[in-house]
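Numbering (our numbering), first residue to last: 512 to 938.
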């Protein structure tokens with residue numbers, strides 16, 4: 512088990528986890544639809560909760576993405592950006608509108624110009640479009656919009672029936688995804704992600720077995736809004752614009768409250784996830800980002816940590832790799848990102864390289880590692896390794912900041928901003 516005091520050694524990584532000493536494949540380009548990413552490193556969507564109240568990027572938002580641009584990732588997966596005001600996860604979540612479009616356009620232009628200047632190539636930038644659903648807090652307090660009542664979350668205090676969104680409201684969101692996607696295209700994004708992970712609205716619909724009506728019960732109903740939105744976005748954007756999705760292949764909750772439950776705790780049934788991957792490909796998706804679990808309740812499933820209590824981190828990592836491989840096989844020709852490898856520290860490139868070489872997935876996704884180590888892609892591509900002095904310690908302090916309503920970042924290494932914020936929070 513890793514700890515903040517002792518970094519991982521090669522002997523810590525079990526034989527079941529793929530590993531290669533040759534990581535050169537991470538520096539190779541990859542074609543995604545009509546576009547190309549210059550390397551196989553993806554910076555995952557890491558929300559900073561630091562936009563302006565009108566949804567535009569703030570100063571800390573710009574600072575974060577310009578650090579990512581210097582860092583050299585071939586694919587920057589831009590953070591959660593709301594499609595409707597009531598679906599924002601916090602008062603400062605990004606929300607692209609006609610009124611603030613220029614601020615997004617300026618940031619995207621600066622990201623690309625900075626990366627070209629520092630690294631000699633332009634990254635692809637995908638915008639994650641979201642409706643926070645159960646986790647909506649547009650005015651700073653919980654204002655949940657749920658697919659159905661879920662006792663494993665609500666316990667003895669079920670949310671009122673009025674919190675359950677109607678079929679008519681859900682049907683209206685297809686147009687909102689299209690409007691947001693078209694704006695993203697106008698301001699310079701290379702594509703959009705129709706987000707369906709971590710218990711947010713589209714993700715919760717995937718497990719809405721108990722919901723009645725057009726959006727619950729059967730597989731066709733539970734995936735209706737998701738697949739209709741992907742299809743509509745593809746049909747209403749230009750040729751070559753990437754349509755993607757970061758989606759849960761496994762929720763980690765028992766049926767009827769979890770997508771992909773097999774009946775055995777911790778072991779997924781990926782039958783529907785593979786079917787969903789094929790359906791997404793058929794509707795025009797050319798990039799899929801596989802994740803699992805929910806950071807609000809069972810974070811160890813997608814964010815293995817030194818503090819894990821339910822299962823050893825390598826169990827989560829292997830499950831994620833297996834899920835990415837299953838999706839890759841089901842949706843052949845679609846580029847797949849594998850998540851949850853930050854825990855591996857300096858050996859993450861070795862594990863990712865072998866997974867890519869075997870065809871398990873096409874890109875290595877780094878999340879919280881980018882907060883602590885925004886230059887990781889450049890060091891991998893240029894130097895062939897990651898610096899141990901900058902590695903994420905998986906301590907969870909960035910998540911603590913977010914849960915406390917602060918702007919998250921690396922408390923350990925990014926002392927200029929986040930060490931002070933964390934100290935203030937603790938007081």
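Note that the Cβ used here is the ideal one computed from N, Cα and C, for glycine as well.
Legend entry - Where the beta strand (DSSP E) containing residue 757 begins and where it ends: Per DSSP, residue 757 belongs to the beta strand (DSSP E) from 753–761.
Inset, instruction - Check residue 881 in the structure and name its three-state DSSP category. - result: The answer is helix: DSSP assigns residue 881 an H, G or I state.
Inset, instruction - Classify residue 705 as helix, strand or coil using the three-state DSSP reduction. - result: Annotated three-state conformation of residue 705 is strand, per DSSP.
Legend entry - Bridge partners - residue 456, DSSP secondary structure assignment: The displayed coordinates of the chain run from 512 to 938. Any statement about residue 456 would go beyond what the structure contains.
Inset, instruction - With a 10 Å radius around its C-beta and 16 neighbouring C-beta atoms as the bar for buried, classify residue 515 as buried or exposed. - result: In this prediction, residue 515 scores a pLDDT of 43, lower than 50, which makes its location untrustworthy; the coordinate-derived value is nonetheless stated afterwards. Around the beta carbon of residue 515, fewer than 16 other beta carbons sit within 10 angstroms, so the residue counts as exposed.
Legend entry - For residue 618, the three-state DSSP class (helix, strand or coil): DSSP places residue 618 in helix when its eight states are reduced to three.
Inset, instruction - Might you give, ordered along the chain, the residues of its own chain that have their beta carbon closer than 7 Å to the beta carbon of residue 592, omitting 5 neighbours on each side? - result: Apart from the 5 residues on each side of it in sequence, residue 592 sits with its Cβ closer than 7 Å to the Cβ of 605, 606, 607, 638, 639, 640, 641 in its chain, given in chain order.
Inset, instruction - Helix, strand or coil for residue 554, going by three-state DSSP, please let me know. - result: Here residue 554 sits in strand by DSSP.
Inset, instruction - State the DSSP-derived secondary structure class of residue 781, mapped to helix, strand or coil. - result: Per DSSP, reduced to three states, the secondary structure at residue 781 is coil, with no helix or strand assignment.
Inset, instruction - Pull up the DSSP beta-bridge partners for residue 541, would you. - result: As DSSP reads the structure, residue 541 sits in a beta bridge with 548.
Inset, instruction - Mind checking who residue 852 pairs with in its DSSP beta bridge? - result: Checking the DSSP bridge columns, you'll see residue 852 has no partner listed.
Legend entry - Own chain partners of residue 873 with C-beta closer than 8 Å, once the 5 adjacent residues on each side are dropped: Scanning its chain for C-beta atoms nearer than 8 Å, with the 5 sequence neighbours on each side dropped, one finds around residue 873 the residues 541, 551, 839, 846, 847, 848, 867, in chain order.
Legend entry - residue 513 versus residue 865 - alpha carbon distance: In this prediction, residue 513 scores a pLDDT of 36, lower than 50, which makes its location untrustworthy; the coordinate-derived value is nonetheless stated afterwards. Taking the straight line from one Cα to the other gives about 22 Å.
Inset, instruction - Specify, as a first and last residue, the run of the alpha helix (DSSP H) that residue 486 falls within. - result: For residue 486 there is no data in the structure shown, the boundaries of the chain being 512 and 938.
Legend entry - Coil, strand or helix - residue 595 by DSSP: Three-state result, residue 595: coil.
Inset, instruction - Look at the Cβ atom of residue 743, then the Cβ atom of residue 688, and state whether they are nearer than 9 Å. - result: Taking 9 Å as the Cβ cut-off, residue 743 and residue 688 qualify as a contacting pair.
Inset, instruction - Put residue 802 into one of helix, strand or coil per three-state DSSP. - result: Of the three classes helix, strand and coil, the one that applies to residue 802 here is strand, per DSSP.
Inset, instruction - Output yes or no for whether 9 Å exceeds the beta carbon distance between residue 720 and residue 728. - result: Cβ distance < 9 Å, so residue 720 and residue 728 count as in contact.
Inset, instruction - Measure the C-alpha to C-alpha separation of residue 902 and residue 580 and round it to an integer number of angstroms. - result: Those two C-alpha atoms are separated by around 18 Å.
Legend entry - Strand pairing of residue 675, partner residues [DSSP]: Paired residue(s): 657.
Legend entry - Three or more C-beta pairs below 8 Å linking the region 700–718 and the region 641–652: Taking 8 Å as the limit for Cβ pairs, the verdict is that the region 641–652 does touch the region 700–718.
Inset, instruction - Measure the beta-carbon distance from residue 545 to residue 751 and round it to whole angstroms, keeping in mind my assumption that it falls under 8 Å. - result: Contact between residue 545 and residue 751 holds, since their C-beta atoms are separated by about 4 Å, short of 8 Å.
Inset, instruction - Might you give, ordered along the chain, the residues of its own chain that have their beta carbon closer than 7 Å to the beta carbon of residue 595, omitting 5 neighbours on each side? - result: Correct list, in chain order: 642, 687.
Inset, instruction - Could you check what DSSP says for residue 533 in three-state terms: helix, strand or coil? - result: Three-state DSSP puts residue 533 in coil, outside helix and strand.
Inset, instruction - Provide the residue(s) that pair with residue 875 in DSSP beta bridges, ordered along the chain. - result: Per DSSP, 552, 849.
Legend entry - Buried versus exposed call for residue 790 [16 or more other C-beta atoms within 10 Å across all chains shown]: It counts as buried.
Inset, instruction - Classify residue 605 as helix, strand or coil using the three-state DSSP reduction. - result: The answer is strand: DSSP assigns residue 605 an E or B state.
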